[in-house]
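Peer 1:
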Amino acid sequence: MIEGVGASPGIAIGRAFVWKRATYERTGESLRGESDVEHEIGKFRSAVNRAIDDVESLIREAQGSLTVTESDLLEMQVEMLADPQLHSDVVTQISERRQPAADAVWEVSERVMHALAQLDSEYLHARTADVRACAEHIVRHIQGEPWEALRDLPAGSVLVADDISPLEALTLDLKQIAGIITRFGGSTSHAAILARARNIPAVVACGESLTVIGQGEAIIADGASGQVWRNPSAKIREEFKRKKLALDEAQLSLRSLTSQTARTVDGRALHLMANITGIEDMKDALQYGAEGAGLFRTELLFMSRNSFPSEDEQFDCYKQVVLNANGHPVTVRTLDIGGDKPLSYFNLPREENPYLGFRAIRISLDRVDLFQEQLRAVLRASAFGTLRLMFPMIGSMHELRKAKAILDEAKNQLRSRGIAFNDDLAIGTMIETPSAAVIADLLAKEVNFFSIGTNDLCQYTLAVDRGNEKVKALYDPFHPAVLRLIAHTIEQAVKHNIDVSMCGEMAGDLRATPLLVGMGLRSLSMTASGIPHVKRAILHGSFVRAQEITAAVMRMDDAGQIKEYLNHEVLNWRA
Amino acid sequence: MISKDYTITSMEGIHARPATKLVRLAKEYRSNISLKKGDRLVKLNSMLNILTMGAREGDTITIIVEGDDELAAYAAIDQFLTEELKNH
Numbered sequence: 128m129i130e131g132v133g134a135s136p137g138i139a140i141g142r143a144f145v146w147k148r149a150t151y152e153r154t155g156e157s158l159r160g161e162s163d164v165e166h167e168i169g170k171f172r173s174a175v176n177r178a179i180d181d182v183e184s185l186i187r188e189a190q191g192s193l194t195v196t197e198s199d200l201l202e203m204q205v206e207m208l209a210d211p212q213l214h215s216d217v218v219t220q221i222s223e224r225r226q227p228a229a230d231a232v233w234e235v236s237e238r239v240m241h242a243l244a245q246l247d248s249e250y251l252h253a254r255t256a257d258v259r260a261c262a263e264h265i266v267r268h269i270q271g272e273p274w275e276a277l278r279d280l281p282a283g284s285v286l287v288a289d290d291i292s293p294l295e296a297l298t299l300d301l302k303q304i305a306g307i308i309t310r311f312g313g314s315t316s317h318a319a320i321l322a323r324a325r326n327i328p329a330v331v332a333c334g335e336s337l338t339v340i341g342q343g344e345a346i347i348a349d350g351a352s353g354q355v356w357r358n359p360s361a362k363i364r365e366e367f368k369r370k371k372l373a374l375d376e377a378q379l380s381l382r383s384l385t386s387q388t389a390r391t392v393d394g395r396a397l398h399l400m401a402n403i404t405g406i407e408d409m410k411d412a413l414q415y416g417a418e419g420a421g422l423f424r425t426e427l428l429f430m431s432r433n434s435f436p437s438e439d440e441q442f443d444c445y446k447q448v449v450l451n452a453n454g455h456p457v458t459v460r461t462l463d464i465g466g467d468k469p470l471s472y473f474n475l476p477r478e479e480n481p482y483l484g485f486r487a488i489r490i491s492l493d494r495v496d497l498f499q500e501q502l503r504a505v506l507r508a509s510a511f512g513t514l515r516l517m518f519p520m521i522g523s524m525h526e527l528r529k530a531k532a533i534l535d536e537a538k539n540q541l542r543s544r545g546i547a548f549n550d551d552l553a554i555g556t557m558i559e560t561p562s563a564a565v566i567a568d569l570l571a572k573e574v575n576f577f578s579i580g581t582n583d584l585c586q587y588t589l590a591v592d593r594g595n596e597k598v599k600a601l602y603d604p605f606h607p608a609v610l611r612l613i614a615h616t617i618e619q620a621v622k623h624n625i626d627v628s629m630c631g632e633m634a635g636d637l638r639a640t641p642l643l644v645g646m647g648l649r650s651l652s653m654t655a656s657g658i659p660h661v662k663r664a665i666l667h668g669s670f671v672r673a674q675e676i677t678a679a680v681m682r683m684d685d686a687g688q689i690k691e692y693l694n695h696e697v698l699n700w701r702a
Numbered sequence: 005m006i007s008k009d010y011t012i013t014s015m016e017g018i019h020a021r022p023a024t025k026l027v028r029l030a031k032e033y034r035s036n037i038s039l040k041k042g043d044r045l046v047k048l049n050s051m052l053n054i055l056t057m058g059a060r061e062g063d064t065i066t067i068i069v070e071g072d073d074e075l076a077a078y079a080a081i082d083q084f085l086t087e088e089l090k091n092h
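Residue numbers (the working numbering), protein chains in the order written: chain A, 128 to 702; chain B, 5 to 92.
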């Protein structure tokens with residue numbers, strides 16, 4: 128077995144196609160007569176013409192599918208091959224120094240590469256690779272070897288190479304390739320990036336052990352672990368065939384789920400949404416089938432800079448996110464700093480007990496100026512799509528009412544400025560303190576929705592800091608106390624006819640899915656990549672069965688027992 | 005003979021794309037078109053010459069055009085370079 132670096136996940140099973148660069152060694156021979164000189168010059172000229180033909184036909188064939196940078200590089204390659212200076216220098220080398228054509232091309236290009244390497248410019252240093260590619264290309268034709276070798280790979284080949292240049296990568300027929308393994312490179316090398324972009328398993332940086340692989344040898348490469356097997360035994364072959372099949376199926380079925388609604392076999396539909404931190408996240412989330420953002424954490428906008436973002440800057444960001452959501456709702460949570468999330472430019476006092484201290488809504492209610500700035504920005508963005516506003520860390524009616532009064536003020540300010548916003552903007556609160564969960568019946572009368580934040584709810588309910596090694600084992604969202612608070616919150620929301628969702632880690636925990644569905648949640652928000660997995664579980668599940676599972680769990684008295692039961696039930700969660 | 009000085013404004017010197025265009029433009033005319041930086045003088049019809057000259061931001065280069073279509077050649081190259089330098 129060869130150990131490299133996994134650069135693009137997936138399993139490649141195929142035959143080695145060993146691609147060797149023209150690592151040309153100069154013959155050092157001297158031409159004898161004038162006829163030899165003429166012959167070598169002729170060989171050089173026709174090699175150059177054939178090389179230009181190669182690149183030009185590549186440009187023609189790839190028309191439209193090339194990026195601007197790629198086609199610039201190819202056009203430059205043509206000009207390098209056709210370069211009159213290169214031409215006259217090589218001819219001089221052949222006729223006066225009596226060098227064979229390939230030696231002459233190599234010597235002249237080495238001079239150019241040396242000159243470029245002396246220059247004080249990264250950009251020009253990088254051009255040495257283009258000059259080398261140009262020289263290799265001509266030399267291959269002089270030696271009568273086809274340059275298109277990379278395009279004529281047998282189907283199912285595992286490409287074995289030192290590394291792959293941008294030009295070579297462009298010539299690869301990727302449909303024919305089962306995988307790529309390279310001797311050099313890292314996870315950011317061109318080969319790795321290309322492989323990931325095209326979903327081809329790849330292992331890079333395999334080192335010298337790669338040089339022993341023979342043409343056509345049977346190869347298995349695991350692009351996740353970075354392991355490569357030569358001539359694998361029947362047992363290993365079987366094992367990886369099974370793995371590959373399972374991976375392929377999982378990929379295919381997960382991808383086919385994006386456009387489907389998460390609906391149980393007995394017709395209970397759920398909204399699966401993403402937790403996001405910014406504009407790009409929202410775009411990515413849609414690819415996983417997210418129906419909007421159930422939690423837009425605005426902290427990143429504040430943390431990634433040196434001063435508070437202005438109202439306009441915030442507005443631009445919120446507006447972009449809501450525009451990127453393709454009409455789906457986006458729930459914006461107001462600033463949740465303090466605790467474990469400090470701001471470098473905002474001087475918060477050191478606290479004995481930051482989680483129980485000055486954080487989140489407590490800061491916003493204290494710094495009304497900052498809070499109003501954020502609220503105005505959110506309100507302005509609400510004119511551009513479906514925005515919902517959510518307050519973090521609410522623990523009392525007093526806090527909620529104060530926050531809503533400040534929101535009303537912000538609305539009045541916008542009205543007097545004549546700026547458009549959605550007056551019916553939905554207002555919600557996080558349920559992440561035990562106090563909020565316990566008074567859910569009261570809160571429900573004055574908000575449009577709840578979102579249960581299980582991480583904080585769990586640590587506050589159980590009085591456990593999960594960052595503390597000594598006690599973190601006590602942190603368990605399946606503790607009956609936490610489950611009762613969650614169940615109570617959902618029950619009150621349903622009773623008061625307001626929306627309720629969950630945006631903590633538990634929402635993406637597959638063990639919890641039947642339980643949460645059974646408790647009556649209609650909306651879950653999680654890390655985007657988790658959405659297809661939860662969706663698949665729901666598609667196979669039954670709402671009736673989920674309610675039975677929930678009833679059984681709520682009768683149990685121990686977190687360990689509950690998890691064991693759920694681990695088992697999740698597998699059989701079907702009608 | 006016509007000659008004119010230009011100042012490079014791009015941080016990385018002359019990029020692949022403008023260099024390619026410049027070489028192709030130079031090849032369209034019969035005139036002898038050269039590029040001078042300091043005491044080094046090379047023909048403009050060569051990509052390798054332009055790259056190895058290593059012109060960088062702030063450098064002054066001189067274009068020298070000489071031949072029977074020098075007016076037309078100069079006009080075309082001047083227009084291209086002026087546009088190109090303006091865009092940086």
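Where a beta carbon is used, it is the ideal one built from N, C-alpha and C, also for glycine.
Could you pull out every unbroken alpha helix (DSSP H) segment of at least 4 residues lying fully inside the region 506 to 548 of chain A, listed in chain order?
Peer 2: As far as the region 506 to 548 of chain A is concerned, its whole alpha helix (DSSP H) runs of at least 4 residues are 524 to 544.
Peer 1: Identify whether valine 175/A lies in helix, strand or coil by the three-state DSSP scheme.
Peer 2: Numbered from its first residue, the first sequence carries residue 175/A at position 48. Residue state, collapsed to three classes: helix.
Peer 1: Between the Cα of threonine 404/A and those of Ala639/A, Tyr445/A, Leu200/A, Asn480/A, spot the shortest distance and give me the residue it belongs to.
Peer 2: Here residue 404/A is taken as the residue at index 277 of the first sequence, counted from 1. It is Tyr445/A whose Cα lies nearest to the Cα of threonine 404/A.
Peer 1: So which residues on chain A does methionine 51/B lean against when the C-beta distance must stay under 9 angstroms?
Peer 2: Residue numbering aside, residue 51/B sits at position 47 when the second sequence is read from its first letter. Chain A residues near methionine 51/B: Met203, Glu206, Met207, Ala209, Asp210, Gln212, Leu213.
Peer 1: Does the structure place the region 383 to 396 of chain A close enough to the region 659 to 678 of chain A that three or more beta carbon pairs sit under 8 angstroms?
Peer 2: Touching, yes, given that three or more Cβ pairs across the two stretches are closer than 8 angstroms.
Peer 1: If the cut is a Cβ gap below 7 angstroms, which residues of chain A does alanine 97/B touch?
Peer 2: In this structure chain B extends from 5 to 92, so residue 97/B is not present and cannot be described.
Peer 1: In the DSSP assignment, find the unbroken beta strand (DSSP E) run with glutamate 70/B in it and report its ends.
Peer 2: Counted from its first residue, the second sequence places residue 70/B at position 66. Here the beta strand (DSSP E) through glutamate 70/B covers 64 to 70.
Peer 1: Using beta-carbon positions only, say whether glycine 631/A and isoleucine 579/A come within less than 8 angstroms of one another.
Peer 2: For this step, residue 631/A is matched to residue 504 along the first sequence. For this step, residue 579/A is matched to residue 452 along the first sequence. Going by C-beta atoms, glycine 631/A is nearer than 8 angstroms to isoleucine 579/A.
Peer 1: Could you check whether alanine 288/A and serine 135/A sit closer than 8 angstroms to each other, using their CB atoms as the reference points?
Peer 2: In the first sequence, residue 135/A corresponds to position 8, counting from 1. In the first sequence, residue 288/A corresponds to position 161, counting from 1. No, the Cβ-Cβ distance between serine 135/A and alanine 288/A is not below 8 angstroms.
Peer 1: Since leucine 651/A and serine 628/A should fall inside the 8 angstroms C-beta cutoff, what is the C-beta to C-beta distance between them, to a whole number of angstroms?
Peer 2: On the first sequence, position 524 is the one that residue 651/A refers to. On the first sequence, position 501 is the one that residue 628/A refers to. At roughly 6 angstroms, the Cβ-Cβ gap stays under 8 angstroms, so leucine 651/A and serine 628/A are in contact.
Peer 1: Determine contact between the region 200 to 216 of chain A and the region 21 to 29 of chain B, defined as no fewer than three beta-carbon pairs at a distance below 8 angstroms.
Peer 2: Yes, the region 200 to 216 of chain A is in contact with the region 21 to 29 of chain B.
Peer 1: Among the residues of its own chain, which have a CB less than 7 angstroms from the CB of lysine 41/B, if the five just before and after it don't count?
Peer 2: One-based indexing of the second sequence puts residue 41/B at position 37. Same-chain partners within the cutoff: Met57, Ala59, Asp63, Ile65.
Peer 1: Interface residues of chain A around glycine 71/B at Cβ under 8 angstroms?
Peer 2: Within the second sequence, the letter at position 67 stands for residue 71/B. Per Cβ cutoff of 8 angstroms: no residues; glycine 71/B is ~16 angstroms from chain A at best.
Peer 1: Within its chain, find whatever has a CB closer than 8 angstroms to the CB of threonine 654/A; leave out the 5 residues flanking it on each side and keep chain order.
Peer 2: To locate residue 654/A, count along the first sequence from 1; it is residue 527. Correct list, in chain order: Ala401, Asn402, Gly635.
Peer 1: Could you check what DSSP says for glutamate 130/A in three-state terms: helix, strand or coil?
Peer 2: In the first sequence, the residue the question calls residue 130/A occupies position 3. Reduced to three states, the DSSP call for glutamate 130/A is strand.
Peer 1: In the DSSP assignment, find the unbroken alpha helix (DSSP H) run with methionine 681/A in it and report its ends.
Peer 2: Start at 1 with the first residue of the first sequence, and residue 681/A comes out as number 554. Where methionine 681/A is concerned, the enclosing alpha helix (DSSP H) stretches over 670 to 682.
Peer 1: Hey, quick one: how far does the alpha helix (DSSP H) through serine 236/A stretch, first residue to last?
Peer 2: For the purposes of this step, residue 236/A is identified with residue 109 of the first sequence, where counting begins at 1. Looking at the DSSP string, the run of the alpha helix (DSSP H) that includes serine 236/A is 228 to 245.
Peer 1: CB tyrosine 415/A to CB proline 659/A, shorter than 8 angstroms?
Peer 2: Locating residue 415/A in the first sequence gives position 288, where the first residue counts as 1. Locating residue 659/A in the first sequence gives position 532, where the first residue counts as 1. Yes, they are a contact pair.
Peer 1: What are the uninterrupted segments assigned as beta strand (DSSP E) that are 3 or more residues long and contained completely in the region 349 to 429 of chain A, given in chain order?
Peer 2: As far as the region 349 to 429 of chain A is concerned, its whole beta strand (DSSP E) runs of at least 3 residues are 354 to 357, 396 to 403, 420 to 424.
Peer 1: When the distance is taken between beta carbons, is leucine 75/B closer than 8 angstroms to isoleucine 160/B?
Peer 2: Given that chain B is displayed from residue 5 to residue 92, the structure contains no residue 160/B and the question cannot be resolved.
Peer 1: Counting Cβ pairs, one atom from each stretch, are 3 or more of them under 8 angstroms apart for the region 483 to 491 of chain A and the region 405 to 414 of chain A?
Peer 2: No: fewer than three Cβ pairs fall under 8 angstroms.
Peer 1: What's the C-alpha gap between aspartate 685/A and proline 607/A?
Peer 2: Looking up residue 685/A in the first sequence gives position 558. Looking up residue 607/A in the first sequence gives position 480. Approximately 7 angstroms between the Cα atoms of the pair.
Peer 1: Between the C-alpha atoms of alanine 702/A and valine 661/A, what's the straight-line distance to the nearest angstrom?
Peer 2: What you label residue 702/A is simply residue 575 of the first sequence in a count that begins at 1. What you label residue 661/A is simply residue 534 of the first sequence in a count that begins at 1. Legend: pLDDT at alanine 702/A = 47, less than 50; position of this residue unreliable, no value from coordinates given.
Peer 1: Mind checking if lysine 40/B is an interface residue toward chain A, Cβ cutoff 8 angstroms exclusive?
Peer 2: Within the second sequence, numbered from 1, the residue matching residue 40/B stands at position 36. Not an interface residue.
Peer 1: Helix, strand or coil for valine 182/A, going by three-state DSSP, please let me know.
Peer 2: Translated into positions along the first sequence, residue 182/A becomes position 55. Note: valine 182/A maps to helix in three-state DSSP.
Peer 1: Measuring only the C-alpha atoms, how far is leucine 427/A from isoleucine 521/A?
Peer 2: Mapped onto the first sequence, residue 427/A falls at position 300. Mapped onto the first sequence, residue 521/A falls at position 394. Computed Cα separation, rounded: 21 angstroms.
Peer 1: Only counting the same chain, and skipping five residues up and downstream in sequence, which positions put a Cβ closer than 6 angstroms to that of glycine 283/A?
Peer 2: Start at 1 with the first residue of the first sequence, and residue 283/A comes out as number 156. Excluding residues within five positions, the ones whose Cβ falls inside 6 angstroms are Gly141, Ala305.
Peer 1: Measure the C-alpha to C-alpha separation of arginine 382/A and proline 469/A and round it to an integer number of angstroms.
Peer 2: Taking the first residue of the first sequence as position 1, residue 382/A is located at position 255. Taking the first residue of the first sequence as position 1, residue 469/A is located at position 342. If you take the alpha carbons of arginine 382/A and proline 469/A, they lie about 38 angstroms apart.
Peer 1: Let me know the secondary structure DSSP gives alanine 686/A once reduced to three states.
Peer 2: For the purposes of this step, residue 686/A is taken as the residue at position 559 of the first sequence. It is helical.
Peer 1: Counting only C-beta atoms, is valine 218/A closer than 8 angstroms to chain B at any point?
Peer 2: Looking up residue 218/A in the first sequence gives position 91. No, valine 218/A lies away from the interface with chain B (no Cβ there is under 8 angstroms from its Cβ).
Peer 1: Looking at the C-beta of leucine 45/B, does it have a partner C-beta in chain A at a distance below 8 angstroms?
Peer 2: Start at 1 with the first residue of the second sequence, and residue 45/B comes out as number 41. Not an interface residue.
Peer 1: Below 7 angstroms on C-beta distance, what does serine 628/A contact in chain B?
Peer 2: Mapped onto the first sequence, residue 628/A falls at position 501. Ordered by position in chain B, no residue passes the 7 angstroms Cβ test against serine 628/A, which lies about 49 angstroms from the chain.
Peer 1: Do you know whose CA, among Ile327/A, Ser523/A, Leu506/A, Met524/A, lies nearest leucine 516/A's CA?
Peer 2: Position 389 of the first sequence holds residue 516/A. The shortest Cα separation from leucine 516/A among Ile327/A, Ser523/A, Leu506/A, Met524/A belongs to Leu506/A.
Peer 1: With a threshold of 16 other CB atoms inside 10 Å of the CB of leucine 243/A, please say whether the residue is buried or exposed.
Peer 2: For this step, residue 243/A is matched to residue 116 along the first sequence. With 16 or more Cβ atoms within 10 Å of its Cβ, leucine 243/A is classed as buried.
Peer 1: Do isoleucine 613/A and proline 641/A have their C-beta atoms within less than 8 angstroms of each other?
Peer 2: Along the first sequence, read from residue 1 onward, the residue named residue 613/A stands at position 486. Along the first sequence, read from residue 1 onward, the residue named residue 641/A stands at position 514. Not in contact: isoleucine 613/A and proline 641/A (Cβ atoms no closer than 8 angstroms).
Peer 1: Residues of chain A with a CB under 8 angstroms from the CB of valine 60/B: which are they?
Peer 2: Position 56 of the second sequence, counted from the first residue, corresponds to residue 60/B. Per the sequence shown, residue 60/B should be read as arginine rather than valine. Ordered by position in chain A, the residues that pass the 8 angstroms Cβ test against arginine 60/B are Asp247, Ser248.
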